[in-house]
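**Student:** The structure under discussion is supplied below as structure tokens; questions concerning it will follow.
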Amino acid sequence: MLLDREAYFRYASKAFVEMFGLPDDIRGKHVSDFFLTAEQGVMKTIRTRQATINSSVTKGNAQGVSFRYPVLDAKNNLLGVIIESISTSIGKDALSSLQETIRSLEEKTNYLEGKSHKNPGLLYTFDNIIGESAVMETMKKRGSRFARSDEPIPLSGESGTGKDIIA
Numbered sequence: 048m049l050l051d052r053e054a055y056f057r058y059a060s061k062a063f064v065e066m067f068g069l070p071d072d073i074r075g076k077h078v079s080d081f082f083l084t085a086e087q088g089v090m091k092t093i094r095t096r097q098a099t100i101n102s103s104v105t106k107g108n109a110q111g112v113s114f115r116y117p118v119l120d121a122k123n124n125l126l127g128v129i130i131e132s133i134s135t136s137i138g139k140d141a142l143s144s145l146q147e148t149i150r151s152l153e154e155k156t157n158y159l160e161g162k163s164h165k166n167p168g169l170l171y172t173f174d175n176i177i178g179e180s181a182v183m184e185t186m187k188k189r190g191s192r193f194a195r196s197d198e199p200i201p202l203s204g205e206s207g208t209g210k211d212i213i214a
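What follows is the structure in structure tokens.
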């Protein structure tokens, strides 16, 4: 599940909606409209900008354990909250579906972190690039500066030189 910085639903997977017995049209609704535990979970994560782990209980008494992760930009501004949940009464098929949902959420988290420039490049940072020559140091400094821009930056070089990693 993905909430914005004010705890309004922006995305909830089918598995999450089914697990907690939530309506299909949950987008745009506040987390406290459905969860009795919103204050000690999501709202605490929003206030502290720290991950929280505790039980989740809906107003309809559906229960689970939820992991709430803040999504922050490079300046530590809160963009939203990603939530992974595990039902306390889950069957084998539901667990498989939930694991797939968690993988999907992890991919979305990586994407959002890349978009917020918290982690320039989803697999690499400039610190991962080996090379200490003046040219490499200049490239790393410029790359770090340009990574914060939404403008297109042309990269050129021979095949196999790592343009994809720099990008």
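Here the working numbering is used: position 123 in the sequence shown is 170, and no number is missing along the way.
Virtual Cβ for every residue (Gly too), placed ideally from N, Cα, C.
1) Say the cut is 7 Å; is the CB of Leu126 nearer than that to a heavy atom of the ligand HEM?
2) Leaving aside the five residues before and after Lys91 along the sequence, list all residues of the same chain whose C-beta is less than 6 Å from its C-beta, in chain order.
3) Can you name, in chain order, every residue of its own chain whose Cβ lies under 7 Å from the Cβ of Asp51, other than the five neighbours on each side?
4) Please report how far the alpha carbon of Pro117 lies from the alpha carbon of Gln97, in whole angstroms.
5) Measure the alpha-carbon distance for Glu147 versus Ala141 and round it to whole angstroms.
6) Identify whether Asn157 lies in helix, strand or coil by the three-state DSSP scheme.
7) Does the Cβ of Ser113 have 16 or more other Cβ atoms within 10 Å, making it buried, or fewer, making it exposed?
8) The beta strand (DSSP E) with Val78 in it runs from where to where?
9) Any idea what DSSP makes of Thr105, helix, strand or coil?
10) Which partner residues of Val64 appear in the DSSP bridge assignment?
11) What does the Cβ neighbour count give for Gly178, buried or exposed, with the cut at 16 atoms within 10 Å?
12) Please report the distance separating the alpha-carbon of Asn166 from that of Asn175.
**Tutor:** On the basis of the supplied data:
1) Among the components of this structure there are no ligands whatsoever, and the ligand HEM is therefore not found.
2) So the list reads Thr99, once near-sequence residues are dropped.
3) Closer than 7 Å at Cβ, skipping near neighbours: Arg57 and Gly127.
4) Their backbone Cα atoms lie some 6 Å apart in a straight line.
5) Looking at the backbone, the Cα of Glu147 and that of Ala141 are separated by about 10 Å.
6) The answer is helix: DSSP assigns Asn157 an H, G or I state.
7) The C-beta of Ser113 has 16 or more other C-beta atoms within 10 Å across all chains shown, which makes the residue buried.
8) Val78: not part of any beta strand (DSSP E); DSSP gives it neither H nor E.
9) Reduced to three states, the DSSP call for Thr105 is strand.
10) BP columns for Val64 are empty, so no partner.
11) By the 10 Å Cβ count, Gly178 comes out exposed.
12) Bear in mind that a pLDDT of 47 at Asn166, under 50, signals an unreliable position, so the number given afterwards is only what the model happens to contain. So the alpha carbons of these two residues sit roughly 12 Å apart.
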